[in-house]
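Numbering (our numbering), first residue to last: 1 to 115. What follows is a set of notes on a single structure, which appears directly below.
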């Protein structure tokens, strides 16, 4: 998996509404940056994925940026998720993405699958 930040939309309501590619990204990322690790743990459990997570929310996002960008610069892949939906719209992730983008970090976006 390429060193980058992967923005992964998570299901709103129905856990089955996640795309296969999003599942692959979550399973293959070196780390998952999650708005609420407890909430994300439920999704990962449903998908059968065990992965290291790091909280990223409105109260710690500015402090986590350097750490996460540093991991990507070291060759790691980071999946960014919010509790439900796409990070960055009204969820944490804006500060991370804007500062990482200014530093030339690569990004990919994976959406949910709506039936």
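All C-beta atoms, glycine included, are put in the ideal place defined by N, C-alpha and C.
Cβ contact annotation for residue 64 (same chain, cutoff 6 Å, sequence separation greater than five): 56, in chain order. Taking a cut-off of 8 Å for Cβ pairs, the segment 39 to 48 and the segment 59 to 79 do not touch, as fewer than three such pairs fall below it. For residue 3, there is no enclosing alpha helix (DSSP H), as DSSP marks it with neither H nor E. Rounded to whole angstroms, the separation of the alpha carbons of residue 94 and residue 50 is 26 Å. For residue 8, the three-state secondary structure derived from DSSP is strand. C-alpha of residue 22 to C-alpha of residue 29: approximately 10 Å in a straight line.
Nearest to residue 17 by C-alpha distance, out of 1, 43, 4, 2, is 43. For residue 55, the uninterrupted beta strand (DSSP E) run begins and ends at 53 to 55, by DSSP.
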